[in-house]
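For the sequence shown, our numbering puts the final residue at 848, and the numbers step up evenly by one. Every residue gets a Cβ at the ideal spot worked out from N, C-alpha and C, and that includes glycine. Please read these numbers as outputs of a predicted model, since none were measured by experiment. Remarks on the structure that follows.
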Amino acid sequence: MRLYWRQRKRGFDLIVEDDDGDAFNVGGVRHTRRGGIEAMAKTMGYDPGRSIKNLPSMEHGMQFVEQFEPWRDFFPGYPLELESDVVVPDELS
756 MRLYWRQRKR
766 GFDLIVEDDD
776 GDAFNVGGVR
786 HTRRGGIEAM
796 AKTMGYDPGR
806 SIKNLPSMEH
816 GMQFVEQFEP
826 WRDFFPGYPL
836 ELESDVVVPD
846 ELS
């Protein structure tokens, strides 16, 4: 299994990919249409504290998401380590 950031058109998704290549989004950071930056770490329930708006940078958003370690909610018991390189899909490179 892999844990990595994947670049998107307007930001980044935090992805857990299983051994079959299936990807599960556990968080993300986005540029909004109004020019702001938002971040959100997914959870099994409702927790408004796991999302934030008006961040100063994408890096701050990525750190915000990572601090919650949202992959542990969905994949407990798997010793996942965040890869240092951002994955850039072919359509964005």
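- Task: Give the range of the beta strand (DSSP E) segment to which G800 is assigned.
- Result: Element bounds for G800: n/a, residue is neither H nor E.
- Alpha-carbon spacing of E836 relative to D828, whole angstroms: 15 Å
- Query: Do G783 and V841 have their C-beta atoms closer together than 9 Å?
  - Reply: no
- Item | N-terminal and C-terminal residue of the beta strand (DSSP E) that E814 is part of | Run containing E814: none in the beta strand (DSSP E); it sits in the alpha helix (DSSP H), M813 to Q822.
- Query: From Q822, G791, H815 and W826, pick the residue whose C-alpha is nearest to that of R765; which is it?
  - Reply: G791
- Item | Range of the contiguous alpha helix (DSSP H) that encloses D774 | Note, D774: premise wrong, no alpha helix (DSSP H); not H, not E.
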